[in-house]
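Scroll down for the structure; my scribbles are underneath it.
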């Protein structure tokens with residue numbers, strides 16, 4: 001029986017999970033709250049892949065405060081894992097800790113878990129309740145869940161336009177459309193993404209970097225530090241091998257991949273090249289996303305002009321559109337094509 005108190009503590013667990021929004025990739029963002037005698041005795045969230053999961057961190061927090069978790073209820077935003085990876089199974093950790101009940105927002109869609117964690121808990125005599133605030137829990141990890149269920153990452157496209165639907169000058173001249181608030185928002189989108197994808201025109205026209213930058217994030221110090229620990233993978237679509245060897249994007253912190261044709265000549269080290277088949281002379285976007293999924297990319301942010309964005313949309317590859325509309329008119333000497341806005 002789910003109570004109002006259960007919802008209160010699950011809300012807290014979801015808040016904790018959001019603390020890992022910019023740092024857990026490729027793992028899901030998860031929060032955990034331990035409650036005993038109507039008091040929170042420990043809480044934690046997953047911070048980085050390879051380190052303790054939310055349940056482990058909550059148990060450690062309880063131990064640091066000299067609180068005994070035996071008989072406690074654990075509120076977790078995602079099913080406790082059941083397999084050995086870089087860390088031991090959290091389900092077994094909760095069993096050893098002696099918790100009496102686990103309240104979970106949703107089952108883990110990862111085939112390695114998918115109900116197995118709950119089975120371990122129930123076998124140990126622990127009461128398990130599943131399905132409290134699942135929509136909010138889902139919103140924490142849309143890309144991870146999609147990748148686990150379909151083998152493809154979530155694709156989010158960012159576009160900026162004027163009120164009259166224009167994105168750049170007809171001459172091809174790029175210009176800023178939105179302001180600092182929108183650019184800060186884009187920085188946050190980059191920081192939460194596994195990969196950022198753009199077209200070669202952005203590099204040739206603007207020498208874009210596509211990095212996450214502290215000064216524009218607008219986050220508190222702790223969140224900024226976490227966000228900057230790992231830059232998203234940068235991917236440039238370059239079907240004709242036009243990437244300049246001196247382009248800034250190639251020397252930024254983190255990794256850059258240049259996606260090009262199977263037989264296209266490039267002057268880059270092969271480890272920086274992603275070879276893709278072509279369809280109608282264009283790079284196969286489905287193959288691109290499949291390759292990114294193989295690299296454990298959960299959320300892919302496409303930052304490009306309307307032409308490439310339209311290709312993603314037409315092929316049914318887009319999950320979310322993020323459109324920034326500026327309060328200005330650019331007039332008839334413009335077009336909805338390549339735009340520089342926020343390509344950084």
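Numbering (my numbering), first residue to last: 1 to 344. Just so it is clear, CB atoms sit at the ideal spot from N, CA and C, and this is done for glycine as well. The structure presented is a predicted model; accordingly, all values stated were derived computationally and were not measured.
Which residues DSSP lists as bridging residue i, in chain order
i	result
residue 197	235 and 302
residue 260	275
residue 63	Looking at the DSSP assignment, residue 63 forms no beta bridge with any residue, so it has no partner.
residue 73	35 and 101
residue 128	102
residue 282	279
residue 155	300
residue 160	324
Best match in the options for proximity to residue i [C-alpha to C-alpha]
i	options	result
residue 208	199, 214 and 215	199
residue 201	299, 242, 152 and 277	242
residue 61	305, 88, 306 and 40	40
residue 28	78, 9, 10 and 38	78
residue 319	308, 302 and 325	302
Three-state secondary structure (DSSP) of residue i
i	result
residue 9	helix
residue 14	helix
residue 249	helix
residue 324	strand
residue 291	helix
residue 145	helix
residue 24	coil
residue 183	helix
residue 230	coil
residue 43	strand
residue 2	coil
residue 137	helix
residue 52	coil
residue 352	Residue 352 cannot be examined here, being either before or after the span of the chain that is shown, 1 to 344.
residue 92	helix
Contacting residues, own chain, Cβ-Cβ under 6 Å from residue i (five flanking each side not counted)
i	result
residue 143	153, 154, 298 and 299
residue 120	82 and 91
residue 57	44
residue 226	22 and 23
residue 54	30, 31, 32, 44, 45 and 46
Same chain only: Cβ atoms within 7 Å of residue i, ignoring 5 sequence neighbours per side
i	result
residue 48	23 and 24
residue 116	82
residue 147	153, 293 and 298
Sequence-distant residues of the same chain with beta carbon closer than 8 Å to residue i, five excluded per side
i	result
residue 26	49, 144, 194, 296, 297 and 298
residue 15	31
Integer Cβ distance of residue i from residue j, believed to fall under 8 Å
i	j	result
residue 217	residue 187	5 Å
residue 59	residue 97	5 Å
residue 94	residue 321	Their Cβ separation, rounded to whole angstroms, is 40 Å, which puts residue 94 and residue 321 out of contact at 8 Å.
residue 212	residue 238	So it is not a contact: roughly 22 Å between Cβ atoms.
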